[in-house]
Amino acid sequence: MTRYPLALAERISLLRDALRGGFLDAEWRQTLEALAEHEQFGAILDGAVAAVRPFTPETDLDALILSAAPETYRLRALWREMNADYEGAVEDAAEAARLYRPMRPRFPELLSVALVEQAEYAFRGDPRRPERALELARRAFDELPGVQPQRFDEIAVPYRAALVRYLLAADRYDEADRVAALLVPDAHDRQEYLVDTYRQLAETFIKDEPDARPDVEHWLDRVLELRPTHVRAWAWKAWLHASEGIGAVENILRRASDAGVADDDLRAILGGLCDEFPDLCSTLQPASRPTP
Numbered sequence: 252m253t254r255y256p257l258a259l260a261e262r263i264s265l266l267r268d269a270l271r272g273g274f275l276d277a278e279w280r281q282t283l284e285a286l287a288e289h290e291q292f293g294a295i296l297d298g299a300v301a302a303v304r305p306f307t308p309e310t311d312l313d314a315l316i317l318s319a320a321p322e323t324y325r326l327r328a329l330w331r332e333m334n335a336d337y338e339g340a341v342e343d344a345a346e347a348a349r350l351y352r353p354m355r356p357r358f359p360e361l362l363s364v365a366l367v368e369q370a371e372y373a374f375r376g377d378p379r380r381p382e383r384a385l386e387l388a389r390r391a392f393d394e395l396p397g398v399q400p401q402r403f404d405e406i407a408v409p410y411r412a413a414l415v416r417y418l419l420a421a422d423r424y425d426e427a428d429r430v431a432a433l434l435v436p437d438a439h440d441r442q443e444y445l446v447d448t449y450r451q452l453a454e455t456f457i458k459d460e461p462d463a464r465p466d467v468e469h470w471l472d473r474v475l476e477l478r479p480t481h482v483r484a485w486a487w488k489a490w491l492h493a494s495e496g497i498g499a500v501e502n503i504l505r506r507a508s509d510a511g512v513a514d515d516d517l518r519a520i521l522g523g524l525c526d527e528f529p530d531l532c533s534t535l536q537p538a539s540r541p542t543p
């Protein structure tokens, strides 16, 4: 998409235009990350936003569509998210949603796309209070176009997944389970889906500063309630308590062993912690130290 020797502004325009297709994919995001390394990227993007600022929902529809104004705001929102400016990203996504509303006859799903992106920015900015993200995700779902049931279920997948994510973050498990049942009907597979969503929630924020992150240990505990031998959850719990010393880590590993985690996995957890925190294992007796 942007591998040809184009000027940076043109390459940014190609990224912007691709957003007209709806959700972005991994290759698109990688391209954004690469282009954002350019020193002038932010200034060019701000200039593009300034150029489309005169466009409003009352603008002639054809002119609004040709302007790519909502995609310009969405692109800057994604860039702001990359730079942890979550409130700025929320504002840009909200403006994109406002501009997409009159475009619904031509592009019926893009309003919902902008709203669910706004929901994620709101959540990333304030994960301790997921209600705002949950409200936006509900709005995104409610704004989906009316189509045949089978087609609706197909396009609703990312919106229902977002609802599950924010419902679990809000500690509303039963509601999350009901929504997840529409995504994963089989009870066993659905439990694994919820386990993985809890894990992803924890891993999203676990390395944030302790005074800024949500209660990730609660999410890890929910993983272990549903799957007591989940090795990664135990590993992250041990990581969270590594600052308390080897005694705290060993206590967690004993609990993991009692839950049925294999000895090889316990040694791997301890080995990883010793690699990351060398002082942690300095007091271990040689026989207790993890071996390669």
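Residue numbers are given in our numbering: position 163 of the sequence shown equals residue 414, and the series is strictly consecutive.
All residues carry an ideal CB built from backbone N, CA and C; glycine is no exception.
Model, not experiment: these values are computed from the prediction.
- Within a 10 Å sphere around the beta-carbon of P465 sit 16 or more other beta-carbons, which makes this residue buried.
- Annotated as proximal: A344 and A365, with beta-carbon spacing under 8 Å.
- The beta carbons of L504 and L521 sit closer together than 8 Å.
- Its Cα nearest to that of P359, the residue R271 stands out among W470, T455, R271.
- Remark: C-beta atoms of P353 and L315 approach each other more closely than 8 Å.
- By alpha-carbon distance to Y449, the top candidate from E443, W470, T455 is W470.
- Each residue's CA atom was taken as its position, placing A486 and F456 some 15 Å apart.
- Look at D509 here: in three-state DSSP terms it is helix.
- With a cutoff of 8 Å on beta-carbon distance, L259 and I295 are scored as near each other.
- With 16 or more other CB atoms across the displayed protein chains lying within 10 angstroms of its CB, F374 is buried.
- At the C-beta level, V446 and V430 stay beyond 8 Å of one another.
- Each residue's CA atom was taken as its position, placing G397 and R483 some 41 Å apart.
- Separation of the CB atoms of L433 and R411 is rounded to 6 Å, and the pair is thereby assigned contact status at 8 Å.
- The beta carbon of L418 lies closer than 7 Å to those of L385, E426, A427, V430 in the same chain, with the five residues before and after it left out.
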